[in-house]
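Asker:
What follows is the structure, given as structure tokens:
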């Protein structure tokens, strides 16, 4: 086994990861619901306002990432600012958020696909979601 580091992430990979962290899973399911609630240009205005509200968070993470050479994201930043206990909590919150995000993607994916492809009801949606989760995570 070699100890050489892997290929570093390029600009586009980092941009995609950053956008995913800021936008999250909502981008896949929000537009349809937003179109129902705010038709026309008002919906576009809501999306632009939301992007503007998320921009300071993205810029803060970008600035912090330049300050640290080690991996770990928010847990590293919390440890530097508040100590090991805060880093532990932030690390676990980030992990649980990733699990919840995956669950949201599975729920949304099965809700839309089961209804669109087969026209089945909520019981089939739940069954498909459980089957997909089991297939992905055993």
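In this note's numbering, the protein residues as written are 28 to 165.
Each residue gets a CB set at the ideal place from its N, CA and C atoms; glycine is no exception.
The model shown is predicted, which means the values in this text are computed figures rather than measured ones.
1. For a test of the three-state rule: what should DSSP assign to residue 146, helix, strand or coil?
2. Using C-beta distances below 8 angstroms, list every residue in its chain close to residue 145, excluding the 5 sequence neighbours before and after it, in chain order.
3. Note the first and the last residue of the continuous alpha helix (DSSP H) segment covering residue 97.
4. Tell me, please, whether the stretch 131 to 140 touches the stretch 156 to 164 by the rule of three or more beta-carbon pairs shorter than 8 angstroms.
5. I'd like to know if the stretch 85 to 103 and the stretch 64 to 74 are in contact, where contact means that at least 3 CB-CB pairs between them fall below 8 angstroms.
6. Given residue 97, which residues of its chain have a CB within under 7 angstroms of its CB, disregarding the five upstream and five downstream residues?
7. So what's residue 135 in DSSP terms, helix, strand or just coil?
8. Tell me whether the beta-carbon of residue 100 lies closer than 8 angstroms to the beta-carbon of residue 121.
9. Have a look at residue 58 and residue 77 and give me their C-alpha separation to the nearest angstrom.
10. In angstroms, rounded to a whole number, what distance separates the CA positions of residue 113 and residue 123?
11. Using C-beta distances below 8 angstroms, list every residue in its chain close to residue 61, excluding the 5 sequence neighbours before and after it, in chain order.
12. When burial is assigned at 16 or more other CB atoms within 10 Å of the CB, is residue 116 buried or exposed?
Answerer: So, from the data block:
1. Residue state, collapsed to three classes: coil.
2. If we look at residue 145 and ignore the five residues flanking it on each side, its Cβ neighbours are 151.
3. Segment: none, residue 97 is in no alpha helix (DSSP H) and carries neither H nor E.
4. Counting C-beta pairs with one atom in each stretch, the stretch 131 to 140 and the stretch 156 to 164 have three or more that are closer than 8 angstroms, which means they touch.
5. A contact is defined here as three or more CB-CB pairs under 8 angstroms, and the stretch 85 to 103 fails this definition with respect to the stretch 64 to 74.
6. Here residue 97 has 103 as same chain residues with Cβ atoms under 7 angstroms from its own Cβ, once five neighbours each way along the sequence are excluded.
7. In this structure, residue 135 counts as helix in the three-state DSSP scheme.
8. For residue 100 and residue 121, yes; Cβs fall inside 8 angstroms.
9. Roughly 12 angstroms between the two C-alpha positions.
10. It is roughly 15 angstroms from the alpha-carbon of residue 113 to the alpha-carbon of residue 123.
11. Same-chain partners within the cutoff: 70, 73, 74.
12. Exposed, since its Cβ has fewer than 16 Cβ neighbours within 10 Å.
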